[in-house]
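Asker: Please find one structure pasted underneath; my questions will follow.
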Amino acid sequence: MKETPPPSQEDIAQQTTLKPLLPKDAGAVHGEATPPGPADESLTSLEEAPSYEAMRVNEKYSSLPAEADRGVHIINIRAIDDLGYLQSEGTLLNSLAVDPDANCKYGLYFRDGQRKVDYILVYNYKRTSSHNILARVLHVDPSLGAQNLKQEPLPGKDGPLDTGEIDHHEDDKRSRREEYESNLLEAGLELEKDEGTKIHGIGFVKIHAPWNVLCREAEFLKLKMPTKKMYQINQSRGLLKKINSVLQKMTEPIQPRVAGNRSQSMKRLSFTFSREKQHLFDLSDKDSFFDSKTRSTIVYEILKRTTCSKASMGQGEGRKKDTALLNKRRKCGQYGITSLLANGVYTAAYPLHDGDFEGEDVEVNDRKILCEEWATYGAFYKYQPIHLIRKYFGEKVGLYFAWLGVYTQMLIPASIVGIIVFLYGCFTVDENTPSMEMCDQRNNITMCPLCDRTCSYWKLSSACATARASHFFDNPATVFFSVFMALWAAMFMEHWKRKQMRLNYKWDLTGFEEEEETVKAHPRAEYEAKVLKKSLRKDCRHKEIDKEKLTWKDRLPAYLTNLVSFIFMIGLTFAIVFAVIIYRISTAAALAISSSPSGRSNVRVTVTATAVIINLVVIIILDELYGSIARWLTQIEVPKTDKNFEERLIFKAFLLKFVNAYTPIFYVAFFKGRFVGRPGDYVYIFGSFRMEECAPGGCLMELCIQLSIIMLGKQLIQNNLFEIGIPKMKKFFRYLKQQRPIDHEESTKKKQRYEVDYNLEPFAGLTPEYMEMIIQFGFVTLFVASFPLAPLFALLNNIIEIRLDAKKFVTELRRPVAVRAKDIGIWYNILRGIGKLAVIINAFVISFTSDFIPRLVYRYMYSSNGSMHGFVNHTLSYFNVSDFQAGTAPNDPMELGYEVQICRYKDYREPPWSENKYEISKDFWAVLAARLAFVIVFQNLVMFMSDFVDWIIPDIPKDISQQIHKEKVLLVELFMKEEQGKQQMLETTKEKDNLQGDNCNNHSPPFPRPQRGSAASRRSYHVAI
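Residue numbers are given in numbering that gives the first Met the number 0: position 599 of the sequence shown equals residue 598, and the series is strictly consecutive.
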């Protein structure tokens, strides 16, 4: 069929009152298999349409809700005003009886008010004239099909629009969008465009998936849907039933007021959706059978699968030059929604929120319920509505909040035990013999100088406060707490596995394989682009694109870049820690010669506190930097699938942030004071800086200060202030950027739902949320022997963190695409690894950092009466001040008021009157052997106990295992009954056919009768069935 010529001015003037005109900003695009609706009826009633092309346009692009008696249809008020058909503003607006925005619930539905918006595509466009809005009519050539959509100028203009202002790049994007949207139509989706929004230069494509498309894709994705069959869940009996009943009554006030949050006694049997077995499912309400989360997931899968092969096309000679490249690209590569987003063809793609969450006249929706019962700090004491979270955000987000809830609950017993251990240290500090000896002024122990020349001799009793404070954390209960936390970590992992299985059963994920082969094979946009560039360097006519892939040789430069970058960044972290060590040494020397007595007496506290604050600031800055670098390093590797990309990104980011957060703590725990040397033979850095020593009471107190400040600082600044402040700042800047002069009509117009959601922050994944919790889990478990209050501070932080994340997901972020998942993925393996590492680190902290082992050795090997009297003197060695190296002796040796001949220092060495003076003594080797023995025994014993807990607790709860088995039996029974029904129906039909055949033979003339079991009769039976 030939293309119809453009209409003239007179034809347009007549048609504006005879048929609906098609606005660009409110035209809906239908698939061919669209179920009939009001808009379709109004269009099909126009039998006087002048041409076949016009009929096709009206079938594809519906206007505003049409009624049989409406005579005027709006294309665009401003555009008609530009043409001269409308001279006074508001004439056509006043003719409308119903506000179209209210009819479509302000963007939640199409303009007809019946088809729900399942997904939104956003794009930038440039206006082609100085007018505010120009309406374009998409022209369809039936002979070429729906793929060839051309934009015609607005009727009434003399000739085509001036395209001189449109650059080549924008024209290429527009052509790609046209082709891609045409392919979406062929996939069965329905589209509607809107460019008449308050956001300048932004267009929206609304997407609706009709029923037949939802059914087709649900079968393809193997979605489990509830059937009509219901069965009773096994309930506990006897004593357990009474206990559960009491617990339910006790927890009644802390349960969220959400429908379906209670334990149900009945459950619908779920089965993988099939169009051939639709009679098994409850389809009484088709609108709610697929909820909004499932609908958006289905649409997103279609968007990823639908391709756009159109490449850039220029004008004139440029277009001719690109013809060969265009043909090659069409053969070698295609573009899906991920590629189009990466190339800027579309700027955003997201599903819509269910509606507003605040306001008195707002309809009740899941988002509003979540905001009131979950995303508020006033509900901090309540359980989370996990099932509603999963229903709204999908399984992956639901599992994250479920895991966070389980982790927070498990922190409660750990916090209680940690408080008890801390209180035990507080109550027994006055009974601690070593600290009492250090504080006793009568001992009169003179210590060697802490630095060369500027530092003088000092009294051991001046470290009394540090020694007493160390006992709060360094006491016999610390060992018990370390063992308890190792078992706690194992219990936490087992408890989460069981909780995860319960959620899988309730969410119908028991038979779900997270990565189907079709999903595995779907490559990322960047991977496709890389393969396309590789294929363009070869001859695509002899080699198909499907056979092209990236090899290790293609990724070798990226691997080398990763290796060099990791070495550099880890070296940078060590260099910063080393710089802080230099700061501590130099600051301690400077404060030692201070004229202020308080400054000289508080040297250790001042140096430690300021150094930790510097470490904290550097850790926060490097955390943000390393996160961006890890993403960039993963991108240049070009992983094939999203799963590979996520796992590699998590591994890189976790490794860098782990080294960044824990390197200063590892230094204090295991390296500080180990390589000091002795008086007269100290170890120096750069020839002038002497290595710093631990306090007489050990480095455990300093480790506690370091750990507490870094942990609390990261949680307060990075996890809370940054999460609140940065999204609000981004939202504010985006609001300022979109500000433009608007008239009174636009200022009073309520924003559409997709406009409001576009102004929200894009969802960046769950990796940052998991990462901060994993790092916190490391603080809680790795060095818990030095800081028993770590679980308490983690608990307080998580109570706020849950509501903060909830508020962010509900109010600050665009709605994420629901992703099915049956577990938390690689994070579980990281948690297990941290739990195993925690056992080893705590063994070394107790053995080498604290004085627990030296005290045991002294009590059972050197003490005459089995007490701790004399322990401090036993750990201090003697030094003759005449053996100082030249230039290292104190400048003021008489600061204490008397001449010092022998000073003491903490080490196990021979005295100066011994034959092997200042050599390591036998006591050192005895203590070292005991320390190593303790590490081996502690590690193996706790590992065995953890594995025993892992083995004795089944991963799948017994009742869930029984329910899963029961479901399988019921499914078999259901299909057996269905097959029996089919067989009975077949036999009944066959008997009826036989009876009809006999009756016909009795009353008909004697013609030859075919055999009863012939092939023809069997085929007739099959057709009848």
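Idealized CB from N, CA, C, for every residue including glycine.
As the structure is a computational prediction, the values presented were derived from the model and not from experiment.
Quick one: what's got a C-beta closer than 8 Å to K303's C-beta in the same chain, skipping five residues either side?
Answerer: G335, I336, T337 and H521
Asker: Use the C-beta contact count for E966: other C-beta atoms within 10 angstroms, 16 or more gives buried, fewer gives exposed.
Answerer: It is buried - the Cβ of E966 has at least 16 other Cβ atoms within 10 Å.
Asker: State the Cα-Cα distance for the pair V563 and L549, rounded to the nearest angstrom.
Answerer: Cα to Cα, the separation comes out at about 22 Å.
Asker: Could you give the DSSP three-state label for F732: helix, strand or coil?
Answerer: helix
Asker: Quick test of the definition: if touching needs 3 or more C-beta pairs under 8 Å, does the stretch 242 to 257 touch the stretch 763 to 780?
Answerer: Result no; under three Cβ-Cβ pairs closer than 8 Å.
Asker: Taking the beta carbon of I709 as the centre, do at least 16 other beta carbons fall within 10 Å, making it buried, or is it exposed?
Answerer: buried
Asker: Counting Cβ pairs, one atom from each stretch, are 3 or more of them under 8 Å apart for the stretch 747 to 762 and the stretch 812 to 831?
Answerer: Result yes; three or more Cβ-Cβ pairs closer than 8 Å.
Asker: Quick one: give me the first and last residue of the beta strand (DSSP E) that V602 is part of.
Answerer: If you look at V602, you'll find it isn't in any beta strand (DSSP E); it sits in the alpha helix (DSSP H) that goes V602 to E636.
Asker: What first and last residue would you give for the beta strand (DSSP E) that runs through F229?
Answerer: The identity of residue 229 in the sequence shown is Met, whereas the question assumes Phe. Here the beta strand (DSSP E) through M229 covers K223 to Q231.
Asker: Given a threshold of 16 other Cβ atoms within 10 Å of its Cβ, counted over all protein chains shown, does H470 qualify as buried or as exposed?
Answerer: buried
Asker: Is the stretch 954 to 973 in contact with the stretch 499 to 510, if contact means three or more CB pairs nearer than 8 Å?
Answerer: yes
Asker: Using a threshold of 8 Å, state whether the C-beta atoms of K367 and F379 are closer than that.
Answerer: no
Asker: Go ahead and pull the three-state DSSP assignment for K498.
Answerer: helix
Asker: Report the three-state DSSP secondary structure of Y376 (helix, strand or coil).
Answerer: helix
Asker: If I follow the unbroken alpha helix (DSSP H) through D170, where does it start and stop?
Answerer: That run of the alpha helix (DSSP H) goes H167 to E185.
Asker: Please tell me whether L416 and F480 are closer than 8 Å, where the distance is taken between their beta carbons.
Answerer: Position check: residue 416 holds Val in this sequence, whereas Leu was assumed. The Cβ atoms of V416 and F480 lie closer than 8 Å to each other.
Asker: Tell me whether L422 is buried or exposed, calling it buried when 16 or more other Cβ atoms sit within 10 Å of its Cβ.
Answerer: Under this definition L422 is an exposed residue.
Asker: Please state the DSSP three-state secondary structure of T550.
Answerer: coil
Asker: How many angstroms separate the CA atom of L931 from the CA atom of E909?
Answerer: 22 Å
Asker: Tell me the rounded alpha-carbon separation between T987 and E977.
Answerer: 15 Å
Asker: Apply the 10 Å Cβ neighbour rule to A217 and answer buried if 16 or more other Cβ atoms are within range, or exposed otherwise.
Answerer: buried
Asker: Among the candidates E894, K227 and Y299, whose CA atom is the shortest distance from the CA of I206?
Answerer: Y299
Asker: According to DSSP, what are the bridge partners of M446?
Answerer: W457 and R903
Asker: Which residues does DSSP list as the beta-bridge partners of T271?
Answerer: K223
Asker: Return the chain-ordered list of same chain residues with a C-beta closer than 6 Å to the C-beta of T90, the five sequence neighbours on each side being excluded.
Answerer: Caution is warranted here: a pLDDT of 35 is assigned to T90, below 50, making its placement in the model unreliable, and the coordinate value is therefore given only provisionally. Excluding residues within five positions, none has a Cβ falling inside 6 Å.
Asker: Excluding the 5 residues flanking K905 on each side, which residues of the same chain have their C-beta closer than 8 Å to its C-beta?
Answerer: E692, C693, P695, T874, L875 and S876
Asker: Alpha carbons only, please: which of N879, A805 and L927 is nearest the one belonging to K916?
Answerer: N879
Asker: Measure the C-alpha to C-alpha separation of D171 and N123 and round it to an integer number of angstroms.
Answerer: 13 Å
Asker: Excluding the 5 residues flanking Q705 on each side, which residues of the same chain have their C-beta closer than 8 Å to its C-beta?
Answerer: T607, V611, N614, P663, I664 and V667
Asker: Let's test the definition: count the other Cβ atoms within 10 Å of the Cβ of K749 and tell me whether it reaches 16, buried, or not, exposed.
Answerer: exposed
Asker: Return the chain-ordered list of same chain residues with a C-beta closer than 6 Å to the C-beta of K496, the five sequence neighbours on each side being excluded.
Answerer: D954
Asker: Could you check which residue in S687, V396, A660 and V675 has the C-alpha nearest to that of S707?
Answerer: A660
Asker: Considering only C-alpha positions, which residue in the set R554, R630 and F792 is nearest to I418?
Answerer: Of all alpha-carbon atoms in R554, R630 and F792, the one lying nearest the alpha-carbon of I418 is that of F792.
Asker: Can you list, in chain order, the residues of its chain whose CB lies under 6 Å from that of N326, leaving out five sequence neighbours each side?
Answerer: In this prediction, N326 has a pLDDT of 48, which is less than 50 and means its spatial position is unreliable; what the coordinates show is noted afterwards. So the list is empty, once near-sequence residues are dropped.
Asker: On the DSSP letters alone, give me the boundaries of the alpha helix (DSSP H) that K240 sits inside.
Answerer: L238 to M249
Asker: Across which residues does DSSP place L812 in a beta bridge pair?
Answerer: E760
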